[in-house]
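Engineer: In the working numbering, each residue's number is its place in the sequence shown (first place is 1) plus 283.
Glycine included, each C-beta is placed from N, C-alpha and C at the ideal position.
A quick note: this is a predicted structure, and the numbers were derived from the prediction, not measured.
First, the structure itself, so that you have it in front of you.
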Amino acid sequence: MKVHRNLVEQVVGVLQDVFAGGVPAERAVDGCLKSQGKWGSRDRRMFAESVYDLVRWWRLYWHLADLPAAEFFQPEAITAGRVWRVWGVYWLDRGHELPAFEELAGLSLADVTARRATLPSAAVAASIPDWLDYRGEAELDREWRPLIAALNQPAEVFLRTNTLRNSRAQLREILSAEGIPTEEVPTVPEALRLPNRRNLATSPAYRQGRFEIQDAASQQIAPLLRAQPGQVVIDACAGAGGKTLHLAALMQSRGRIIALDLHRSRLEELKSRALRNGVTIVDAQPIMNPDVIAQLAGVADAVLLDVPCTGLGALRRKPETKWRLTHDELDRLLAVQHQILDDYSVMTKPGGTLVYATCSVLPSENQRQVHAFIARHDGTWVLDEERHWRPDREGFDGFYAARLTRRTR
Numbered sequence: 284m285k286v287h288r289n290l291v292e293q294v295v296g297v298l299q300d301v302f303a304g305g306v307p308a309e310r311a312v313d314g315c316l317k318s319q320g321k322w323g324s325r326d327r328r329m330f331a332e333s334v335y336d337l338v339r340w341w342r343l344y345w346h347l348a349d350l351p352a353a354e355f356f357q358p359e360a361i362t363a364g365r366v367w368r369v370w371g372v373y374w375l376d377r378g379h380e381l382p383a384f385e386e387l388a389g390l391s392l393a394d395v396t397a398r399r400a401t402l403p404s405a406a407v408a409a410s411i412p413d414w415l416d417y418r419g420e421a422e423l424d425r426e427w428r429p430l431i432a433a434l435n436q437p438a439e440v441f442l443r444t445n446t447l448r449n450s451r452a453q454l455r456e457i458l459s460a461e462g463i464p465t466e467e468v469p470t471v472p473e474a475l476r477l478p479n480r481r482n483l484a485t486s487p488a489y490r491q492g493r494f495e496i497q498d499a500a501s502q503q504i505a506p507l508l509r510a511q512p513g514q515v516v517i518d519a520c521a522g523a524g525g526k527t528l529h530l531a532a533l534m535q536s537r538g539r540i541i542a543l544d545l546h547r548s549r550l551e552e553l554k555s556r557a558l559r560n561g562v563t564i565v566d567a568q569p570i571m572n573p574d575v576i577a578q579l580a581g582v583a584d585a586v587l588l589d590v591p592c593t594g595l596g597a598l599r600r601k602p603e604t605k606w607r608l609t610h611d612e613l614d615r616l617l618a619v620q621h622q623i624l625d626d627y628s629v630m631t632k633p634g635g636t637l638v639y640a641t642c643s644v645l646p647s648e649n650q651r652q653v654h655a656f657i658a659r660h661d662g663t664w665v666l667d668e669e670r671h672w673r674p675d676r677e678g679f680d681g682f683y684a685a686r687l688t689r690r691t692r
């Protein structure tokens, strides 16, 4: 497969932005694609796939390139020359002939094959930090290896039908007319799967608010609240509102949804998305101080706590997460989750429903948090249901959710 120099230069530059500059991979890729208006679809696809493959398998290819093991994530060590070498090894490993670029001199498939045959650790083979490999194995035991293998694969694209605008069958017909084939997901009533990845931002159906891009596991969180039209529901960690909008559709846009978040900019994005989706029942409120929570005590029929987490369940979509995360950051997140459960659960009225959710696969962030919360508030909460989703089982992102009921006493 032929590849032109400019494309590889852009790959190298974006990888430096990601690893040395801390830029999110999606933002770096999108920014580069916008600047390369002359590229055709083949080049754009090759560029994006190369960047994401290399972010995902960075540590492994760093090793195969025979670079200093301790420097694979040191920003000052991510030089252009080294990144060129990593790309060359990747290109050889994928079965392609190296182009005659001077930066790739001295690389050979024989050397790459020999180094792949003698990988120094399971963490290098899985291309993850040592501490994360230890932690994953400690928490999940034999389940960790197949799980991290699945998390190292590219994610499929799923759409959630906005039932305020159309049914799933209607949406399929509309998208088919746009030249976008889809497949129904049997276990998720509103989900469609895209067999081929493509840019959906320009789709008229998307601009009309007929669907949202949302993983199939994520689409199963909001229904756990069993929210009914006319109820008061609080999405306490709403972010940009993916699950808020789903709740509104499930409630037929009748009732009231209070969307809370610490970041005003995310709530502004939620307002824009709500307008596109035809949602009129969302009251977006920034959490400026603890009084916001106190004033809502006992108000909600149902509360969703989609808490800050490691995001390890979404590594297929954001592979750079594993390089940003540290053991100390995990401990900080565990403390935040603990506090949110204690502080925000008071918004649930007696007899009401509380759903705790993460996009993590670690029991310490999931069932252990919920069970410890129930034990701290002895007699107040009843665990109704727990759900786990994993890419090595369902093929969806890794998610966890628990539904609890507050006793009426």
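With a 10 Å radius around its C-beta and 16 neighbouring C-beta atoms as the bar for buried, classify L545 as buried or exposed.
Structural biologist: Classification for L545: exposed.
Engineer: How many Å lie between P674 and A597 at the Cα?
Structural biologist: One C-alpha to the other measures close to 9 Å.
Engineer: Is it true that the CB of R599 sits closer than 7 Å to the CB of A438?
Structural biologist: Yes, they are a contact pair.
Engineer: May I ask you to report which of helix, strand or coil DSSP gives F656?
Structural biologist: Helix at F656.
Engineer: I'd like to confirm the pairing. Which residues does DSSP put opposite V407 in its beta bridges?
Structural biologist: Paired residues: none, contrary to the question.
Engineer: Please list the segments of the alpha helix (DSSP H) lying wholly inside the region 613-688, counting only runs of 4 or more residues, in order along the chain.
Structural biologist: Here the runs fully enclosed are 650-659.
Engineer: Output the boundary residues of the beta strand (DSSP E) element that contains I517.
Structural biologist: 515-518 is the extent of the beta strand (DSSP E) around I517.
Engineer: Three or more beta-carbon pairs under 8 Å between the region 337-355 and the region 391-407, yes or no?
Structural biologist: Touching, yes.
Engineer: Which first and last residues belong to the beta strand (DSSP E) in which Q568 is found?
Structural biologist: Residues 565-569.
Engineer: Could you say which of K554, V665, T593 lies nearest to L415 if we only look at CA atoms?
Structural biologist: The candidate whose alpha carbon is nearest that of L415 is T593.
Engineer: Please state whether the Cβ-Cβ distance between R547 and I564 is less than 7 Å.
Structural biologist: Taking 7 Å as the Cβ cut-off, R547 and I564 do not qualify as a contacting pair.
Engineer: Mind checking whether V638 and G681 have CB atoms under 7 Å apart?
Structural biologist: Not closer than 7 Å, so no.
Engineer: For A523, which three-state DSSP category applies?
Structural biologist: DSSP places A523 in coil when its eight states are reduced to three.
Engineer: Indicate whether A505 and L477 have their beta-carbon atoms separated by less than 7 Å.
Structural biologist: No, the pair does not count as a contact, with Cβ atoms beyond the cut-off.
Engineer: Using only the alpha-carbon positions, how far apart do L390 and I496 sit?
Structural biologist: One C-alpha to the other measures close to 41 Å.
Engineer: Is the distance from the Cβ of D518 to the Cβ of A542 below 7 Å?
Structural biologist: A contact, by the Cβ cut-off of 7 Å.
Engineer: In the DSSP assignment, the alpha helix (DSSP H) including I457 goes from what residue to what residue?
Structural biologist: Segment 451-460, the alpha helix (DSSP H) holding I457.
Engineer: Alpha carbon to alpha carbon, how far is G525 from E552? Give it in angstroms, no decimals.
Structural biologist: Cα-Cα distance, rounded: 10 Å.
Engineer: Going by CA-CA distance only, name the one from G364, A363, R342 that's closest to D354.
Structural biologist: Sequence inspection shows Glu at residue 354; the Asp mentioned does not correspond to that position. The option with the nearest alpha carbon to E354 is R342.
Engineer: Taking Q514 and D566 to be in contact with their CB atoms under 8 Å, please state how far apart those CB atoms are, rounded to whole angstroms.
Structural biologist: Wrong, their Cβ atoms sit about 14 Å apart, outside the cutoff.
Engineer: To the nearest angstrom, report how far apart M284 and L381 are at their CA atoms.
Structural biologist: Taking the straight line from one Cα to the other gives about 9 Å.
Engineer: Among the residues of its own chain, which have a CB less than 8 Å from the CB of L337, if the five just before and after it don't count?
Structural biologist: Once the five neighbours on either side are set aside, the close Cβ partners of L337 are V294, L298, Y344, V369, W370, Y373.
Engineer: How many angstroms separate the CA atom of H660 from the CA atom of D625?
Structural biologist: Cα-Cα distance, rounded: 9 Å.
Engineer: Would you mind stating whether P591 and V619 have Cβ atoms separated by less than 7 Å?
Structural biologist: It is a contact, given that the beta carbons lie within the stated cut-off.
Engineer: Going by alpha carbons, who is nearest to S555 out of R310, Q491, V291?
Structural biologist: For the residues R310, Q491, V291, the minimum Cα distance to S555 belongs to Q491.
Engineer: Can you give me the C-alpha to C-alpha distance between I697 and T465, rounded to a whole angstrom?
Structural biologist: Nothing about residue 697 can be read from this structure; the chain reaches only from 284 to 692.
Engineer: Pull the bridge partners of I504 from the DSSP assignment, please.
Structural biologist: In DSSP, I504 forms no bridge with anything.
Engineer: When you compare the CB positions of A523 and V516, do they come within less than 7 Å of one another, or not?
Structural biologist: Cβ atoms of A523 and V516: not closer than 7 Å.
Engineer: Does the region 313-330 touch the region 357-366, meaning 3 or more C-beta pairs lie closer than 8 Å?
Structural biologist: Judged by Cβ distances under 8 Å, the region 357-366 makes no contact with the region 313-330, as fewer than three pairs qualify.
Engineer: For R689 and E668, what's the separation of their Cα atoms in angstroms?
Structural biologist: Cα to Cα, R689 sits roughly 13 Å from E668.
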